[in-house]
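2 protein chains.
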Amino acid sequence: MNIANSLKNIFASTNFNKLKFDPRRTLIKQAKVALNEGNLIVEFHDETEAYPSVWLRDNCTCPECFHNDSHSRAINWDKFDVGVSPISVDVNKDKLEIKWSDNHRSIFTEDWLRNRSFEGSKQAKYLEENYRPKKILWDGTEFTKILKTYSYREVMTKDEILYCFLKDLAIYGVVLLKDAPMDPSANSKLSQKIAFVRETHYGKEYVITSKPGTNNYAYLSSLLQQHTDLPYYEYNPGVVFLHYVVQTESEGGQNLLTDGFFVAEKMRREMKEHFELLSTVHVNWSDYGTEDFVKFCNIFRTPVISLDSFSEIASVRYSIPQRDSFFSVPLEKVTSWYHALKEFTKLLDKHCAKFKVESGNILVFDNTRLTHGRVQYNDTKGNQRYLVGNYMDWDEIYSKMRILKNEMQEKQQT
Amino acid sequence: MNIANSLKNIFASTNFNKLKFDPRRTLIKQAKVALNEGNLIVEFHDETEAYPSVWLRDNCTCPECFHNDSHSRAINWDKFDVGVSPISVDVNKDKLEIKWSDNHRSIFTEDWLRNRSFEGSKQAKYLEENYRPKKILWDGTEFTKILKTYSYREVMTKDEILYCFLKDLAIYGVVLLKDAPMDPSANSKLSQKIAFVRETHYGKEYVITSKPGTNNYAYLSSLLQQHTDLPYYEYNPGVVFLHYVVQTESEGGQNLLTDGFFVAEKMRREMKEHFELLSTVHVNWSDYGTEDFVKFCNIFRTPVISLDSFSEIASVRYSIPQRDSFFSVPLEKVTSWYHALKEFTKLLDKHCAKFKVESGNILVFDNTRLTHGRVQYNDTKGNQRYLVGNYMDWDEIYSKMRILKNEMQEKQQT
Chain A
1 MNIANSLKNI FASTNFNKLK FDPRRTLIKQ AKVALNEGNL IVEFHDETEA
51 YPSVWLRDNC TCPECFHNDS HSRAINWDKF DVGVSPISVD VNKDKLEIKW
101 SDNHRSIFTE DWLRNRSFEG SKQAKYLEEN YRPKKILWDG TEFTKILKTY
151 SYREVMTKDE ILYCFLKDLA IYGVVLLKDA PMDPSANSKL SQKIAFVRET
201 HYGKEYVITS KPGTNNYAYL SSLLQQHTDL PYYEYNPGVV FLHYVVQTES
251 EGGQNLLTDG FFVAEKMRRE MKEHFELLST VHVNWSDYGT EDFVKFCNIF
301 RTPVISLDSF SEIASVRYSI PQRDSFFSVP LEKVTSWYHA LKEFTKLLDK
351 HCAKFKVESG NILVFDNTRL THGRVQYNDT KGNQRYLVGN YMDWDEIYSK
401 MRILKNEMQE KQQT
Chain B
1 MNIANSLKNI FASTNFNKLK FDPRRTLIKQ AKVALNEGNL IVEFHDETEA
51 YPSVWLRDNC TCPECFHNDS HSRAINWDKF DVGVSPISVD VNKDKLEIKW
101 SDNHRSIFTE DWLRNRSFEG SKQAKYLEEN YRPKKILWDG TEFTKILKTY
151 SYREVMTKDE ILYCFLKDLA IYGVVLLKDA PMDPSANSKL SQKIAFVRET
201 HYGKEYVITS KPGTNNYAYL SSLLQQHTDL PYYEYNPGVV FLHYVVQTES
251 EGGQNLLTDG FFVAEKMRRE MKEHFELLST VHVNWSDYGT EDFVKFCNIF
301 RTPVISLDSF SEIASVRYSI PQRDSFFSVP LEKVTSWYHA LKEFTKLLDK
351 HCAKFKVESG NILVFDNTRL THGRVQYNDT KGNQRYLVGN YMDWDEIYSK
401 MRILKNEMQE KQQT
């Protein structure tokens with residue numbers, strides 16, 4: 001939306017305060033109050049922006065309205081008047097001073113205002129740069145191109161490298177770390193470098209070796225079908241760190257990895273009815289058992305494909321073992337849902353990347369997006385596959401990315 | 001839906017295997033395969049149930065298809081035929097034996113089948129008893145009636161009491177624990193009794209006292225407007241435990257608590273347009289700062305009212321301080337959204353419970369549902385308000401409830 005154009009009609013029909021403009025002493029040309037829409041129109045030297053009056057008043061940056069130490073709004077909303085309007089607007093160089101109908105005065109700088117544009121494309125740019133980078137979805141055939149490899153040591157010691165590693169993880173959903181120390185705590189040290197480990201009923205860390213009679217199907221050496229971890233958690237772990245302390249030397253043990261978002265979007269385009277079923281029919285994901293003598297009994301009901309309120313894909317859950325036999329779904333939907341799941345399974349297989357992580361490397365991937373699996377392998381006396389895994393959540397990872405980015409920008413400016 | 005009635009037409013038009021019924025040796029009367037709908041119809045002595053064939057095959061309980069140690073499905077879905085159908089069905093006492101078109105044989109017991117009914121009301125009953133209890137929403141005027149009080153010592157020592165405490169927490173969203181030890185670790189001991197603490201960038205535990213120059217607005221003694229904690233976390237903490245080690249003796253300091261789901265449902269009924277805005281317009285919730293020398297920069301975008309895919313309310317987020325001045329929303333929605341938020345604020349105030357937790361008590365409440373606040377108070381030299389808080393997530397709490405319930409049922413049966 002071009003605000004300048006779309007507001008021509010408002011200007012034509014509205015009385016507003018025109019402020020005198022002296023190009024020698026101001027960067028903001030003028031501010032006009034288009035009261036019929038409740039917006040304040042600000043003409044900068046190169047463009048025009050519109051800001052809702054109530055939003056400006058709500059975001060007054062004076063010490064009474066904004067608590068600087070905690071970066072928090074301090075306005076008492078029990079008394080806040082959402083019908084508030086500007087009585088006068090003064091432009092002073094790069095500052096806008098507003099006198100409000102509630103007798104308050106606010107001052108906004110040009111930078112502050114420009115950063116908070118309500119123009120759609122600028123908001124999108126702000127979000128992509130400051131909120132979350134845009135994901136790039138991939139087919140298994142593109143895997144060698146999209147897989148970025150970093151040195152564990154560099155990630156642990158150089159903030160710029162750590163930032164790039166996390167950003168690639170957010171964009172592609174997978175990154176490989178080479179040359180991690182054989183120390184089984186390499187994962188947890190990395191997590192602490194970023195923020196902290198996400199605990200689950202399997203603890204803060206888990207060892208994956210072949211354990212017959214296990215409480216978890218992943219602890220067997222037979223084929224591990226593709227799945228997402230812990231789908232029975234409402235708060236399903238965001239990122240998996242798998243440290244291959246010892247990889248199998250047997251012929252098997254290849255990793256399988258598919259971009260579940262790629263597959264889900266393909267299904268949305270090409271198999272609309274299947275997509276509809278997989279994104280609306282709630283599955284009872286579950287896990288019952290005992291870990292370290294503590295029982296757990298997790299159930300979470302949600303579709304294979306979770307959509308957010310923009311109908312964007314928020315999360316993919318897929319697990320044959322952890323799909324409960326209790327399927328609390330209307331009878332008439334069951335068979336068609338199974339056909340949809342079968343097609344999804346075929347797509348996961350078709351668009352899968354197959355590779356083999358080497359001993360000493362750490363495979364890091366987005367557990368809310370990618371499915372992972374493993375081909376059957378065989379342990380021998382001299383070679384027992386030994387992995388250490390742990391989780392982190394995206395809240396912490398995105399937070400760290402923003403901090404690192406801000407610090408790098410500050411460095412550049414000094 | 002009455003399955004027996006609705007299937008009359010299917011029976012009328014379908015060829016199925018009628019099995020001989022001998023009332024002396026069987027509990028299942030007969031099994032009929034209504035192949036046109038892909039369902040197997042089972043007549044028990046008192047009622048008729050329908051089970052989708054593909055679901056039965058998928059949930060075969062034989063050791064080849066189901067891994068008992070991990071309670072997990074072991075079927076290789078790459079090879080699974082969703083078009084599978086029964087070739088023959090035999091009834092043997094309380095067991096059903098099916099021979100499948102893929103040459104497999106499955107045996108299902110009557111109990112197993114009955115528990116997994118596809119009849120809507122039975123599924124609803126199963127979910128309420130085994131998944132999550134139904135929430136009972138409340139107005140502030142009902143608070144003294146709905147607030148259940150438990151003894152900390154009893155909750156810590158008697159599993160039946162712990163279960164009732166957690167169930168009331170799930171149903172009403174708030175419970176009070178009396179007579180906790182003055183030990184500041186009372187909260188974390190309770191969390192460990194249930195499962196484990198939820199960590200955030202504020203650590204595993206936080207102390208709330210009046211701290212001028214704080215990094216968090218909650219650490220001031222002035223009015224703390226109602227809010228939910230950490231709305232800027234995608235995984236917003238499920239439950240808050242607030243241990244009042246020392247309550248203020250000043251006149252102020254009263255607790256404010258409102259059932260956000262009650263308010264949201266009221267708004268859905270009475271102010272449809274406001275509800276629409278608050279449940280679709282994404283707010284940038286945020287928190288920037290430093291805790292224990294570690295920086296954080298959390299942002300999460302989601303509406304005040306989050307709906308699940310059934311349009312049920314999943315979570316309420318509300319916080320004046322943690323609502324970012326960056327508001328990435330189309331200009332034309334802003335002013336009407338502010339009016340909706342104001343009405344929501346008024347409702348939170350109108351339906352609020354006001355009370356004062358005594359020293360030594362622990363207030364426990366659902367942070368995804370209730371808003372909480374506090375009236376201004378004054379510390380004196382001899383009386384400094386001192387609270388210890390921590391979080392747990394609902395995944396762990398529901399899991400513990402199921403375990404406790406199962407154990408109690410097992411005890412009753414022995």
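Protein chains in written order, with UniProt numbering: chain A, 1 to 414; chain B, 1 to 414.
C-beta atoms are modelled at their ideal positions from N, C-alpha and C, and glycine is treated no differently.
Return the residue from the list A:S319, A:K189, A:E129 that minimises the CA-CA distance to T368 (chain A). The option with the nearest alpha carbon to T368 (chain A) is A:S319.
Using DSSP with H/G/I as helix, E/B as strand and the rest coil, what is W138 (chain A)? Of the three classes helix, strand and coil, the one that applies to W138 (chain A) here is coil, per DSSP.
Shorter than 7 Å from the beta carbon of I136 (chain A) to some beta carbon of chain B? Judged by the 7 Å Cβ criterion, I136 (chain A) is not in contact with chain B.
With 16 other Cβ atoms within 10 Å as the buried cut-off, status of H67 (chain B): Residue environment for H67 (chain B): buried (at least 16 other C-beta atoms within 10 angstroms of its C-beta).
If you run the structure through DSSP and keep just helix, strand and coil, what is Y235 (chain B)? It is coil, neither helix nor strand.
At the 7 Å Cβ level, is N298 (chain B) part of the contact set with chain A, yes or no? Yes, its Cβ sits closer than 7 Å to a Cβ of chain A.
What are the partner residues of residue 501 (chain B), as DSSP defines its beta bridges? An answer regarding residue 501 (chain B) cannot be provided, because it is not within the stretch 1 to 414 covered by chain B.
Checking 7 Å against the spacing of the C-beta atoms, do D179 (chain A) and Y152 (chain A) come in under that value? Going by C-beta atoms, D179 (chain A) is nearer than 7 Å to Y152 (chain A).
Contact list for Q123 (chain B) against chain A, beta-carbon separation under 7 Å: Listed by position along chain A, the residues whose Cβ is nearer than 7 Å to that of Q123 (chain B) are S328.
Sequence-distant residues of its chain with Cβ nearer than 7 Å to residue 432 (chain A) (five each side left out): The displayed coordinates of chain A run from 1 to 414. Any statement about residue 432 (chain A) would go beyond what the structure contains.
Reference Y244 (chain B), options B:I208, B:K145, B:Y233, closest by Cα: Residue nearest to Y244 (chain B) within the set B:I208, B:K145, B:Y233 is B:I208 (criterion: CA-CA distance).
Can you tell me which of the three DSSP states G389 (chain A) falls into? Assigned with DSSP and collapsed to three states, G389 (chain A) falls in strand.
Any residues in the region 178–190 of chain B with a beta carbon nearer than 8 Å to a beta carbon of chain A? Which ones, in chain order? The region 178–190 of chain B vs chain A, Cβ under 8 Å: nothing.
Using a Cβ-Cβ cut-off of 7 Å, state whether H351 (chain A) counts as contacting chain B. Judged by the 7 Å Cβ criterion, H351 (chain A) is not in contact with chain B.
From the DSSP secondary-structure annotation, give me the bridge partner or partners of G203 (chain A). Answer is A:T200, bridged to G203 (chain A).
Beta-ladder partner(s) of C297 (chain A), from DSSP: C297 (chain A) pairs with A:Y288.
Can you tell me whether F108 (chain B) is helix, strand or coil according to DSSP? In this structure, F108 (chain B) counts as strand in the three-state DSSP scheme.
Roughly how many angstroms separate the alpha carbons of I403 (chain A) and F296 (chain B), rounded to a whole number? Distance between I403 (chain A) and F296 (chain B), taken at the CA atoms: about 7 Å.
Beta-carbon within less than 8 Å of L341 (chain A)'s beta-carbon, same chain only, minus the 5 sequence neighbours each way: which residues are those? The residues are L278, V304.
The region 131–146 of chain A contacting the region 77–95 of chain A, beta-carbon criterion three pairs below 8 Å: Short answer: they don't touch.
Which two residues bound the contiguous beta strand (DSSP E) that contains F355 (chain B)? Residues 353–355.
Residue span of the alpha helix (DSSP H) that contains N191 (chain A), given as start and end: The sequence as given places Ser at residue 191 (chain A); Asn does not occur at that position. S191 (chain A) -> alpha helix (DSSP H) spans 186–194.
Beta-carbon neighbours of F196 (chain B), restricted to chain A and to distances below 7 Å: Residues of chain A passing the Cβ test: E199.
Along the region 310–329 of chain B, what residues have a CB closer than 7 Å to any CB found in chain A? Listed in chain order, the positions of the region 310–329 of chain B with a beta carbon within less than 7 Å of a beta carbon of chain A are I320, P321, Q322, R323, S325, F326, F327, S328.
Mind checking which residues open and close the alpha helix (DSSP H) that includes F326 (chain A)? Neither: F326 (chain A) is in no alpha helix (DSSP H) and is coded neither H nor E.
Who does G373 (chain B) pair with in a DSSP beta bridge? DSSP output for G373 (chain B) lists B:L256 as bridge partner(s).
Could you check the C-alpha separation between V239 (chain A) and T157 (chain A) for me, to the nearest Å? Across the structure, V239 (chain A) and T157 (chain A) are spaced so that their CA atoms are roughly 21 Å apart.
Report yes or no: do the region 44–54 of chain B and the region 111–122 of chain B share at least 3 C-beta pairs separated by less than 8 Å? Flag = yes, the region 44–54 of chain B and the region 111–122 of chain B touch.
In chain A, which residues lie less than 7 Å from H71 (chain B) when you measure between Cβ atoms? Within chain A, the residues near H71 (chain B) are Y288, G289.
N39 (chain B), DSSP secondary structure in three states: Of the three classes helix, strand and coil, the one that applies to N39 (chain B) here is strand, per DSSP.
Inter-residue Cα distance where the pair is R268 (chain A) and E129 (chain B): The straight-line gap from Cα to Cα measures roughly 35 Å.
Measuring alpha carbon to alpha carbon, tell me which residue in A:K381, A:V364, A:D58 is nearest S325 (chain B). Distance from the Cα of S325 (chain B) is smallest, within the candidate group A:K381, A:V364, A:D58, for A:D58.
Does the CB of D393 (chain B) have a neighbour CB from chain A at under 7 Å? Output row for D393 (chain B): interface = yes.
For C62 (chain B), is the beta carbon positioned less than 6 Å from some heavy atom of the ligand SAH? No copy of the ligand SAH appears in this structure; indeed no ligand is present at all.
Under a Cβ-count criterion, where at least 16 other Cβ atoms within 10 Å of its own Cβ denotes burial, should K258 (chain A) be classed as buried or exposed? Residue identity check: residue 258 (chain A) is Thr in the sequence provided, not Lys. Buried, by the Cβ-count rule.
Within the 7 Å Cβ cut-off, does G55 (chain B) reach chain A? Reading off the sequence shown, one finds Trp at residue 55 (chain B), where the question assumed Gly. Closer than 7 Å: yes.
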